[in-house]
Each structure stands twice: as C-alpha cells, then as structure tokens.
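Student: Heads up: the sequence shown begins at 2 in the working numbering, then just goes up one per residue. Just so it is clear, CB atoms sit at the ideal spot from N, CA and C, and this is done for glycine as well. Okay, here's the structure, questions in a sec.
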Amino acid sequence: MARTLERSSEKPLYEQIYEQIRDDVLSGRLPEGKKLPSKRALAEQLQVSLITVENAYSQLIAEGYVRAAQRSGYYAAYSGEAVEKPKAKPLRLPDSEKKEEQPPSRPAGADIFPFSVWTRLMRSVISEKGTRLLQPVDNGGAYELREAISGYLYRARGFYTPPENIIVGSGTEYLYNLLIQLLGRDKVYGIENPGFPKLAKIYALNNARFEYIPLDNSGMRADELEKRRVDIAHISPAHHFPTGIVMPISRRREILGWAESGDRYIIEDDYDSEFRRSGKPVPTIFGSDDLERVIYINTFSQTIAPSVRISYMCLSDELCGLWRKNLGFYACSVPAFEQYTLARFISEGYFERHINRAKKRFKRVCELTEQLILSCGNVKISEENAGLHFTVRLPENSAEIIAKCAECGIKVTPLSDYYAEGAACEDSLFLVNYAGAVEENLLKAFGKL
Ligand SMILES: Cc1ncc(COP(=O)(O)O)c(C=O)c1O
C-alpha cells in the first residue's frame with residue numbers, strides 16, 4: 002500500500018500516517034493478522050523520522066487497530082466491517098419550533114451596574130489569592146461569600162444566620178433540585194397558582210409530588226394546604242410572582258402555624274424582595290421561625306444579573322446537618338473566582354449601593370411605564386409596591402399598547418400564562434414587566450403619543 006503524505010498540510014505527519022493505517026484496517030484493506038512494515042522501514046519509505054512513525058503506531062495500538070508482537074513486529078488487530086462514516090445531516094427544526102429572532106432582553110439595571118468596580122475587584126482577587134484560586138472551595142460555597150451574605154441578610158433582611166448554614170449554588174433552580182433531594186420526593190410540595198412556571202416543571206422532572214395551591218388576596222391559602230395534605234409549602238411572601246401580592250402578617254402566622262403543627266416545611270422564596278418601591282422591607286418568615294420549619298432562598302439574578310448564576314439558601318441547624326450528611330458530597334456549582342469577587346462586592350458595600358441606585362432608577366421607570374400605559378386609555382393598574390412588575394387590566398384590543406411597550410423594552414404577557422392549565426383567569430389581565438425598560442425609549446415614546 003503506497004502511502005503519500007501531504008507535507009504542506011496543517012495536520013501533523015504522525016496523524017496522517019495514523020489515519021491512513023486506521024482507514025486501511027477499517028476498510029479491510031489491512032485484514033486482521035496482516036503484518037505492517039517495521040517502524041524503521043516505514044520511516045525510510047515515507048522519508049520521516051522514526052519518532053513520527055512511533056507516535057502513529059502507539060496511537061493505533063492504544064485504540065486497538067494494531068497490536069505489537071514481541072520481537073516479531075506489528076499486526077492489524079481489528080476485523081471490523083467497513084464502517085461508513087455517517088454523513089452529518091443539517092439540523093432542521095420543524096417550522097413550529099422556529100422562533101422569530103428575539104432581541105436579547107436587557108437584564109434589570111444593566112446600564113448602571115458598576116463594571117469598573119467589578120473589574121477592579123476581580124483583578125485584586127487574582128493578585129491577592131494567586132494559586133489559592135485554583136483550590137476547591139467548601140462544598141457549601143466559599144466561606145468569604147457565605148460570611149458576606151450572612152452580613153448582608155442581617156443588615157438588609159433583619160435576621161441572622163451563621164455562614165455555615167448558607168449553601169451557595171448556581172441559580173435557585175439548581176437549589177430547588179437540591180432541596181427536593183434534601184426533603185424527599187415522597188413529600189407533597191404545594192406551589193402557588195398562579196406562580197413561577199419553572200417550579201412545576203422542576204418538581205415534575207424530579208418525580209416529586211406537587212399540588213397547585215390557589216391564592217386569595219393574601220397569597221397562598223393555608224386551608225388548602227391542609228386540605229391537599231401538603232408537606233412543604235413553596236411560597237414567595239415578600240413579593241408574589243406574578244401578582245405582586247405581599248403576604249400580610251396574619252397569613253404568614255397562619256402558614257407558619259400550619260408548618261409548626263406537623264413535620265412540615267416552608268420554602269420562602271425571597272426573589273425580587275429587594276426592589277420594594279417604598280417603605281421598609283417586608284420582614285421574612287425565616288426571621289420569625291423559632292422552630293426551624295423555614296428554608297430561606299434567594300438569588301443574585303435580579304439584583305445583579307441572571308447571567309451571574311449565583312444563589313443561596315439558608316438552612317436550619319437540623320437541615321444543615323442533613324445536607325452535610327446526605328448531599329455534602331456535591332461540589333459547589335459556582336466557580337471560586339466569581340464567589341470571591343461577589344464576596345468583596347458585598348462586604349465592601351458596593352452591592353447595597355448598587356441596589357439603592359437601581360431602586361431609584363426603577364421607581365422612575367415604573368412611574369413612566371405606568372404613565373405610558375395609562376395614557377393608552379381604558380386601563381386599570383393594580384399597584385402592589387413591590388418588585389419589577391405589576392398587573393394591568395387591558396381593553397379588548399390591546400395589541401397597540403403591547404407593541405408600544407415592547408419598543409421600550411417592557412414585556413407585557415397575559416397573566417393566564419402563569420396559571421396551571423385549566424385554572425380560571427380573566428383574559429383581560431396582563432403582567433407588565435419593566436425590568437428591561439430603557440428610560441430614553443420611554444421618554445421618546447411619550448413624544449410620539
Ligand atoms: C419566583 C422566582 N424565583 C427565582 C427566579 C430566578 O431564578 P434563578 O436564580 O435560577 O435565576 C425567578 C426568575 O424569574 C422567579 O420568578
């Protein structure tokens with residue numbers, strides 16, 4: 002078998018020899034047991050160095066195409082049928098799955114995020130930590146970050162939790178998965194209806210039993226939890242998504258009482274609680290729980306950006322012990338570098354400063370959004386003073402309002418999208434999410450109206 006090599010090719014010579022012999026073995030041109038030329042002979046024939054042929058033969062031996070017999074030489078060692086390489090098929094999506102190209106949505110507060118500070122902190126983390134950055138952090142998260150979060154929660158949310166009881170993970174959706182493993186798939190989870198649509202998917206994919214629990218004006222109904230034999234209530238009392246309901250103290254007490262009267266838990270999802278537009282932050286249920294029935298969970302997806310993928314949960318001593326025993330083997334899913342940077346961002350005061358700036362900006366954007374929507378006529382806003390969205394009742398023909406909002410980066414979606422299938426929801430109710438709104442576009446829109 003005469004072999005030729007392409008010396009001008011970018012492919013190394015040893016790889017070309019390896020591929021030619023491999024293809025001969027696969028196609029049967031070099032049948033099993035057939036002797037190959039000696040390394041020296043082949044090197045001479047191809048005018049290459051001995052080491053080049055040695056490298057090719059070692060690769061062929063390692064992959065099982067060739068075997069070496071002591072003091073005898075090299076033999077083809079595979080008698081496979083000729084294998085035709087499958088031709089790559091272009092990936093075709095059915096028409097129904099082809100999406101119109103969407104402009105990338107802008108994360109809340111992206112334009113006021115202090116990038117220069119973040120860059121400086123990253124540089125100082127690299128220079129100060131050096132090779133220590135390459136060492137794994139504790140499986141619960143880097144201690145510095147857990148300490149910084151503990152301090153922040155004390156200052157901003159009014160409760161103390163030791164850093165050891167804080168578990169860091171890449172996004173709350175990741176932590177929900179851990180919680181199901183921690184608390185058990187055999188438990189019944191109660192989720193808000195309407196609510197965050199990913200939750201039902203996550204519980205279903207984990208084969209965990211869950212019940213949709215209806216809300217009233219105070220949030221999740223405690224009587225329904227009892228009626229549907231729920232073990233774990235997953236709620237967002239500071240700011241319910243998507244209705245914006247803030248759970249009043251009476252309902253908080255009722256749900257805490259429900260949890261305390263059995264082997265039950267509450268998962269308190271504090272998403273978006275930071276952006277309450279006025280007044281004091283609503284206290285957490287976790288902070289008033291003496292019997293260790295509440296798990297607190299929050300994320301930096303809204304306060305910094307969804308792309309940072311850093312979230313955390315606070316566990317009671319008992320659950321923390323259980324986590325260490327059963328799940329403590331999982332390595333922390335957030336890279337150490339980002340954890341150390343965020344730790345400094347929080348402990349040096351930049352995080353709270355950023356939230357305060359963002360809050361002022363969102364207040365302005367919210368007012369402009371409300372004015373824009375109200376100026377469109379027969380519209381009623383249900384104001385809930387929390388989070389980066391509100392609900393509105395729109396007239397029948399509201400396509401123009403929705404398009405105008407989209408031009409300004411405001412998403413308007415039917416509220417029915419957030420209800421479980423079959424649940425009754427008025428068609429005229431819509432969710433207005435102004436987190437990605439661009440102030441200048443809003444002002445321009447007023448000019449156009
Ligand atoms: C109630 C709720 N929790 C959490 C999240 C964010 O989750 P993550 O931390 O995985 O970005 C969202 C995002 O929309 C949400 O609506």
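With a threshold of 8 Å, are at least 3 pairs of Cβ atoms found where one atom belongs to the stretch 325-334 and the other to the stretch 357-370?
Tutor: No contact exists between the stretch 325-334 and the stretch 357-370.
Student: Kindly list the residues whose CB is nearer than 7 Å to the CB of A149, restricted to its own chain and excluding five residues on each side of it in sequence; keep chain order.
Tutor: On the sequence shown, position 148 is the one that residue 149 refers to. The residues are A344, I347 and S348.
Student: Would the beta-carbon of E339 fall within 8 Å of that of V309?
Tutor: Position 338 of the sequence shown, counting from 1, holds the residue named residue 339. Position 308 of the sequence shown, counting from 1, holds the residue named residue 309. For E339 and V309, yes; Cβs fall inside 8 Å.
Student: Closest to L455 by CA distance: which of F363, P137, E441 and L226 is it?
Tutor: Because the chain is modelled from 2 through 450, residue 455 falls outside the range shown and cannot be assessed.
Student: How many Å lie between Y341 and E145 at the Cα?
Tutor: Locating residue 341 in the sequence shown gives position 340, where the first residue counts as 1. Locating residue 145 in the sequence shown gives position 144, where the first residue counts as 1. If I take the Cα positions, the gap works out to 7 Å.
Student: Output yes or no for whether 8 Å exceeds the beta carbon distance between Y1 and R210.
Tutor: No answer is possible for residue 1: it lies beyond the span of the chain, which begins at 2 and ends at 450.
Student: Return the residue from the list E353, R354, S399 and F352 that minimises the CA-CA distance to L375.
Tutor: Position 374 of the sequence shown, counted from the start, is the residue given in the question as residue 375. Cα-wise, what sits closest to L375 is S399.
Student: If you draw a straight line from the alpha carbon of T414 to that of K405, how long is it in whole angstroms?
Tutor: Residue 414 sits at position 413 when you count from the first residue of the sequence shown. Residue 405 sits at position 404 when you count from the first residue of the sequence shown. When rounded, the distance between both Cα atoms is 13 Å.
Student: Please report the Cβ distance between R229 and I214, rounded to the nearest whole angstrom; I am assuming they are in contact, meaning their Cβ atoms lie under 8 Å.
Tutor: Taking the sequence shown and counting its residues from 1, the one referred to as residue 229 is at position 228. Taking the sequence shown and counting its residues from 1, the one referred to as residue 214 is at position 213. Correct: roughly 7 Å between the Cβ atoms.
Student: What is the rounded straight-line gap between the Cα of Y419 and the Cα of V26?
Tutor: Start at 1 with the first residue of the sequence shown, and residue 419 comes out as number 418. Start at 1 with the first residue of the sequence shown, and residue 26 comes out as number 25. So the two alpha carbons sit approximately 59 Å from each other.
Student: Can we say the stretch 111-130 touches the stretch 150-167, given the rule of at least three CB pairs closer than 8 Å?
Tutor: Flag = no, the stretch 111-130 and the stretch 150-167 do not touch.
Student: Terminal residues of the continuous beta strand (DSSP E) containing V169?
Tutor: Your numbering for residue 169 matches position 168 in the sequence shown. Where V169 is concerned, the enclosing beta strand (DSSP E) stretches over I167 to G170.
Student: Do you know offhand how far S302's Cα is from C377's?
Tutor: For the purposes of this step, residue 302 is taken as the residue at position 301 of the sequence shown. For the purposes of this step, residue 377 is taken as the residue at position 376 of the sequence shown. If you take the alpha carbons of S302 and C377, they lie about 32 Å apart.
Student: Tell me Y153's beta-bridge partners as DSSP assigns them.
Tutor: The residue labelled residue 153 in the question sits at position 152 within the sequence shown. In the DSSP output, where bridge partners are listed per residue, Y153 has none listed.
Student: Assign N442 to buried or exposed, taking buried as 16 or more other Cβ atoms, counted over all protein chains shown, within 10 Å of its Cβ.
Tutor: Numbered from 1 along the sequence shown, position 441 holds the residue referred to as residue 442. Its Cβ having fewer than 16 others within 10 Å, N442 is exposed.
Student: What is the DSSP secondary structure of F452, reduced to helix, strand or coil?
Tutor: Shown here, the chain extends from 2 to 450; a query on residue 452 therefore has no answer.
Student: Suppose you measure from the CA of K40 to the CA of Y76; what does that come to, to the nearest Å?
Tutor: Mapped onto the sequence shown, residue 40 falls at position 39. Mapped onto the sequence shown, residue 76 falls at position 75. Using only the alpha carbons, I get a separation of about 12 Å.
Student: Let me know the secondary structure DSSP gives V309 once reduced to three states.
Tutor: Translated into positions along the sequence shown, residue 309 becomes position 308. Helix at V309.
Student: Is the beta carbon of Y272 within less than 7 Å of some heavy atom of ligand 1?
Tutor: If you number the sequence shown from 1, residue 272 lands on position 271. Correct: Y272 has its Cβ closer than 7 Å to ligand 1.
Student: Leaving out the 5 sequence neighbours to the left and right, which residues in its chain are closer than 8 Å to G74 when beta-carbon positions are compared?
Tutor: Taking the first residue of the sequence shown as 1, we reach residue 74 at position 73. Answer for G74: K36, L37 and S39, listed in chain order.
Student: Per DSSP, what kind of secondary structure is N218 in: helix, strand or coil?
Tutor: Your numbering for residue 218 matches position 217 in the sequence shown. The answer is coil: DSSP assigns N218 none of H, G, I, E or B.
Student: Does the Cβ of S219 have 16 or more other Cβ atoms within 10 Å, making it buried, or fewer, making it exposed?
Tutor: Within the sequence shown, the letter at position 218 stands for residue 219. By the 10 Å Cβ count, S219 comes out buried.
Student: Alpha carbon to alpha carbon, what distance is there between L292 and D318?
Tutor: Counting from one through the sequence shown, the residue named residue 318 turns up at place 317. Counting from one through the sequence shown, the residue named residue 292 turns up at place 291. Rounded to whole angstroms, D318 to L292 spans 11 Å at the Cα level.
Student: Would you kindly report the start and end of the unbroken alpha helix (DSSP H) that includes L430?
Tutor: Walking along the sequence shown from the start, residue 430 turns up at place 429. Element bounds for L430: not the alpha helix (DSSP H) but the beta strand (DSSP E), L430 to N434.
Student: Where does H194 sit, in a helix, a strand or coil, going by DSSP?
Tutor: As a working mapping, residue 194 is identified with position 193 in the sequence shown. The identity of residue 194 in the sequence shown is Asn, whereas the question assumes His. N194: strand per DSSP, three-state reduction.
Student: Name the residue from D224, I246, L176 and I181 whose alpha carbon lies nearest to the alpha carbon of G196.
Tutor: Along the sequence shown, one-based indexing puts residue 196 at 195. Of the candidates D224, I246, L176 and I181, the one whose C-alpha sits nearest the C-alpha of G196 is I246.
Student: Out of L323, Y272, P282 and R325, point me to the one whose CA is closest to N299's CA.
Tutor: Here residue 299 corresponds to residue number 298 of the sequence shown, with the count starting at 1. Minimum Cα distance to N299 is reached at Y272.
Student: How close, in whole Å, do the beta carbons of A57 and S50 come, if the pair is a contact with beta carbons under 8 Å?
Tutor: Counted from its first residue, the sequence shown places residue 57 at position 56. Counted from its first residue, the sequence shown places residue 50 at position 49. So it is not a contact: roughly 11 Å between Cβ atoms.
Student: Which residues in the same chain as L395 place their Cβ atom closer than 7 Å to its Cβ, once the five residues preceding and following it in sequence are excluded?
Tutor: Start at 1 with the first residue of the sequence shown, and residue 395 comes out as number 394. Within the same chain, L395 has close Cβ partners V380, I402, S429 and F431.
Student: Could you say which of A42, A111, T53 and P32 lies nearest to Y66 if we only look at CA atoms?
Tutor: Residue mapping note: residue 66 aligns to position 65 of the sequence shown, counting from 1. Measuring from the Cα of Y66, the nearest candidate turns out to be P32.
Student: Could you tell me the distance, in whole angstroms, from the CA atom of L206 to the CA atom of N178?
Tutor: Residue 206 sits at position 205 when you count from the first residue of the sequence shown. Residue 178 sits at position 177 when you count from the first residue of the sequence shown. Rounded to whole angstroms, L206 to N178 spans 10 Å at the Cα level.
Student: Nearest to P13 by alpha carbon, out of V54, G34, L226 and M2?
Tutor: By one-based count along the sequence shown, residue 13 stands at place 12. For P13, the nearest C-alpha among the options comes from V54.
Student: Determine, using beta carbons only, whether T173 and T392 come nearer to each other than 8 Å.
Tutor: The sequence position of residue 173 within the sequence shown is 172, counting from 1. The sequence position of residue 392 within the sequence shown is 391, counting from 1. Their beta carbons are not under 8 Å apart, which means T173 does not touch T392 by this criterion.
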